[in-house]
Amino acid sequence: MKILKRIIIIILVLLAIPFIMAIFIKKDYTVEKQVTINKPEPEVFDYIKHLKNQNDYNAWCLADPNLKNEYTGTDATEGFVYGWSGNENVGKGKIEITKINENERLDMDLHFIEPFEGEAKAYMTTTPVGDNATTVTWVMSGHSNYPMNFMNLFTESTVGNNLQTSLENMKSNLEK
588 MKILKRIIII ILVLLAIPFI MAIFIKKDYT VEKQVTINKP EPEVFDYIKH
638 LKNQNDYNAW CLADPNLKNE YTGTDATEGF VYGWSGNENV GKGKIEITKI
688 NENERLDMDL HFIEPFEGEA KAYMTTTPVG DNATTVTWVM SGHSNYPMNF
738 MNLFTESTVG NNLQTSLENM KSNLEK
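The numbering used here runs 587 ahead of the 1-based position in the sequence shown.
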């Protein structure tokens, strides 16, 4: 009986650790990644502002070959909504273009529906590097309430890796 009590106490302590740690973890996160693409800025910006192109480079989209998309509005314009529904690796949600500064910046609001409800802001910027190269920066930021802010410990590795993979895919697609 003493062994069973000790096992139960150990399990309870292990379960409590993330909740205790979450008290001290910041609730806001920002992840930023970038890549330089050997193409002129107008060509690169035109590619990223068309959200339908994400089906060809976005790591999350590519994680589900049976991904279902729904579009509302005119792609590459403010107010366009790109919705997705996929497997457990992709989930369900939508992205809305909220602002476009042509050849400079694309702002988007993200609404995650499954597997967890959540909101995030994202933007991509393009910066010319000479006449035939462009640096693309992709930033995603959001807020996680307690105790879900515990997951912010893993945001840089999970979200960051997927953003970087997406940017590398974009580079490959544009430089073909």
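All C-beta atoms in this analysis are idealised placements derived from N, C-alpha and C, irrespective of residue type, glycine included.
Just so we're clear, the structure is a prediction, and the values are computed from it rather than from any experiment.
| Item | Value |
| --- | --- |
| Touch test, the segment 618-632 against the segment 641-653, Cβ-Cβ under 8 Å, three pairs minimum | no |
| Any beta strand (DSSP E) of 3 or more consecutive residues that is wholly inside the segment 700-737 | 705-715, 721-730 |
| Contact check, V668 vs E691, beta carbons under 7 Å | no |
| Chain-order list of residues whose beta-carbon lies under 7 Å from that of K538 (same chain, five-residue window excluded) | Outside the modelled stretch of the chain, which goes from 588 to 763, sits residue 538, for which no answer is possible. |
| CA-to-CA distance, I596 to M757, given in whole angstroms | 50 Å |
| Span of the alpha helix (DSSP H), counted from its first residue to its last, around V746 | 742-762 |
| Sequence-distant residues of its chain with Cβ nearer than 6 Å to E701 (five each side left out) | G678, K679 |
| Neighbourhood of M738 by C-beta distance below 7 Å, restricted to the same chain and skipping five residues each side | S731 |
| N-terminal and C-terminal residue of the alpha helix (DSSP H) that V677 is part of | No alpha helix (DSSP H) contains V677, which DSSP labels as neither H nor E. |
| Bounding residues of the beta strand (DSSP E) (the contiguous stretch that carries E630) | Here E630 belongs to no beta strand (DSSP E); instead the alpha helix (DSSP H) covers 628-636. |
| Residue range of the unbroken alpha helix (DSSP H) whose run includes N642 | 641-644 |
| For L697, the residue or residues it bridges with in DSSP | I682, A707 |
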